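Residue numbers (my numbering): 108 to 530.
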């Protein structure tokens, strides 16, 4: 029979460990204190409508300081005056210059050979000469006819005077009984006839003189009209010598040497280097704040020049508006057409303004609210924004200096009133 080990067992007295009790008590107190400290945050965490990781958000702090609104963009050099020259008539073109050549106003840049136009000028000039001869002949004929009419009038006047004297003699002789009454009557008839002839001669002189003047005036007007036609054709022939309208530089040649072109074909362009401007593209949202005469800066080639806004396009193309700046002083040298330069236009500058970094929250909320962050809880807060710059937006109401807000990523909040932000 196998015996058990009961005879070998003995009672062991366990002494209480006071150090361990102290440690456990301290841990319990620490845990309780931590729970008390975290209780408000845990409460807010559970009260939040959603939770979003901070890695998906961007934050910014509201600051007070200077606020500068400006537009910075890349511009290109353009000529304020850059005329394109066209062929005034069809024909073969001979170029006198090359692209890049410096030219003076009035210098012949190309010539056009147009036999049809030169022949037409010669024909119309000949017609003008013939009309001038007709006009001069009409003047000579008019003088001759006026002489004949004046002669007839003078003769009629003499005949009338002679008839009047003859009547007077016959009347005196009849009174003395020297002539019969028949001679007196005959003298009266002769005087009456002479008077009628004088009246007709006078009328013919006036009427024919007006007719002759009208004929002369008609031929004169026809000759002047022909001279105007010749003058216009002469201008067109002169325009066959294509001249530079400005001092500048030949830009682009649109035709080859000895090319035959049609009327109104492009020949070449001339760039006026004394009136260069810088063209820039401005976002539509900023274009409404631009105004003629606003100050700007133009930078390039290691230099900075003062500029002024000289033109703003009334048309929006692809969300942008074209604007031009002219140099405030003399046009810098060594600039070329289409050269790239940096442009900055100052819209507004103020001190002691409450601002925050610009973000998508302005567009997402329409500037009516922002999410204010405190203790990892983002709270939807009504605000009112003012002017905007490239990187900042003015805060008018709802926030104070030092406040921290979410500036981008709020689309994931889905309009919640409070959102917990997790690390």
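We put the beta carbon where it would ideally sit given N, CA and C, even for glycine. Quick caveat, the model's predicted, so the values are computed rather than measured.
If we count Cβ pairs, one from each stretch, closer than 8 angstroms, do we get three or more for the region 347-359 versus the region 203-218?
Cβ pair count under 8 angstroms is three or more, so yes.
Can you tell me whether DSSP reads residue 265 as helix, strand or coil?
Walking along the chain shown from the start, residue 265 turns up at place 158. Correct three-state label for residue 265: helix.
Cβ atoms of residue 385 and residue 431: under 8 angstroms apart, would you say?
Numbered from 1 along the chain shown, position 324 holds the residue referred to as residue 431. Numbered from 1 along the chain shown, position 278 holds the residue referred to as residue 385. Yes, the pair counts as a contact, with Cβ atoms nearer than the cut-off.
What is the DSSP secondary structure of residue 190, reduced to helix, strand or coil?
Residue numbering aside, residue 190 sits at position 83 when the chain shown is read from its first letter. The answer is coil: DSSP assigns residue 190 none of H, G, I, E or B.
Quick check: what's the CA-CA separation for residue 243 versus residue 256?
Indexing the chain shown from 1 puts residue 243 at position 136. Indexing the chain shown from 1 puts residue 256 at position 149. For residue 243 and residue 256, the distance between alpha carbons rounds to 20 angstroms.
Roughly how many angstroms lie between the CA atoms of residue 345 and residue 222, to the nearest whole one?
The count along the chain shown starts at 1 and reaches residue 345 at position 238. The count along the chain shown starts at 1 and reaches residue 222 at position 115. Answer to the nearest angstrom: the Cα atoms are 13 angstroms apart.
Check whether the Cβ atoms of residue 475 and residue 489 lie closer than 8 angstroms to each other.
In the chain shown, the residue the question calls residue 475 occupies position 368. In the chain shown, the residue the question calls residue 489 occupies position 382. In this structure, residue 489 lies closer than 8 angstroms to residue 475 by Cβ.
Judging by CA-CA distance, which residue of 281, 279 and 326 is the nearest neighbour of residue 240?
Indexing the chain shown from 1 puts residue 240 at position 133. Considering only alpha carbons, the answer is 326.
Can you name, in chain order, every residue of its own chain whose Cβ lies under 6 angstroms from the Cβ of residue 305, other than the five neighbours on each side?
Locating residue 305 in the chain shown gives position 198, counting from the first residue. Once the five neighbours on either side are set aside, the close Cβ partners of residue 305 are 263, 264 and 267.
Is residue 357 helix, strand or coil when you go by DSSP?
Here residue 357 refers to the residue found at position 250 when the chain shown is read from its first residue. Residue state, collapsed to three classes: strand.
Would you say residue 302 and residue 291 are within 8 angstroms of each other, going by their C-beta atoms?
Start at 1 with the first residue of the chain shown, and residue 302 comes out as number 195. Start at 1 with the first residue of the chain shown, and residue 291 comes out as number 184. No, they are not a contact pair.
Going by C-alpha to C-alpha distance, which of 166, 372, 373 and 390 sits closest to residue 179?
For the purposes of this step, residue 179 is taken as the residue at position 72 of the chain shown. Nearest of 166, 372, 373 and 390 to residue 179, Cα basis: 390.
Under DSSP, the beta strand (DSSP E) around residue 166 begins and ends at which residues?
Position 59 of the chain shown holds residue 166. Where residue 166 is concerned, the enclosing beta strand (DSSP E) stretches over 165-168.
Quick one: give me the first and last residue of the alpha helix (DSSP H) that residue 504 is part of.
Counting from one through the chain shown, the residue named residue 504 turns up at place 397. Premise fails: residue 504 lies in the beta strand (DSSP E), 499-504, not in any alpha helix (DSSP H).
At 4 residues or longer, what runs of the alpha helix (DSSP H) sit wholly inside the region 448-521?
Those alpha helix (DSSP H) runs which fall completely within the region 448-521 and span 4+ residues are 468-472.
What is the DSSP secondary structure of residue 200, counted as helix, strand or coil?
Taking the first residue of the chain shown as position 1, residue 200 is located at position 93. Residue 200 falls in the strand class under three-state DSSP.
Can you find a CB in chain D that lies within less than 8 angstroms of the CB of residue 179?
This model lacks chain D altogether; it includes just one protein chain.
Assign residue 238 to one of three DSSP states: helix, strand, or coil.
Translated into the one-based positions of the chain shown, residue 238 becomes position 131. If DSSP states are grouped into helix, strand and coil, residue 238 belongs with the helices.
Which residues in the same chain as residue 367 place their Cβ atom closer than 8 angstroms to its Cβ, once the five residues preceding and following it in sequence are excluded?
Locating residue 367 in the chain shown gives position 260, counting from the first residue. Around residue 367: 197, 198, 199 and 200.
DSSP state of residue 299, grouped into three classes?
Residue mapping note: residue 299 aligns to position 192 of the chain shown, counting from 1. Note: residue 299 maps to helix in three-state DSSP.
Out of 515, 469 and 483, point me to the one whose CA is closest to residue 493's CA.
As a position in the chain shown, residue 493 is number 386, starting the count at 1. When only C-alpha atoms are compared, the closest one is 469.
Determine the closest residue to residue 162 out of 525, 522, 521 and 513, with distance taken between C-alpha atoms.
Start at 1 with the first residue of the chain shown, and residue 162 comes out as number 55. The option with the nearest alpha carbon to residue 162 is 513.
In three-state DSSP terms, what is residue 363?
On the chain shown, residue 363 is found 256 positions in, with the first residue counted as 1. Here residue 363 sits in coil by DSSP.
So what does DSSP say about residue 143, is it helix, strand or coil?
Translated into the one-based positions of the chain shown, residue 143 becomes position 36. Per-residue confidence for residue 143 stands at a pLDDT of 47, beneath the threshold of 50, marking its modelled position as unreliable; the derived number appears in the next sentence. In this structure, residue 143 counts as helix in the three-state DSSP scheme.
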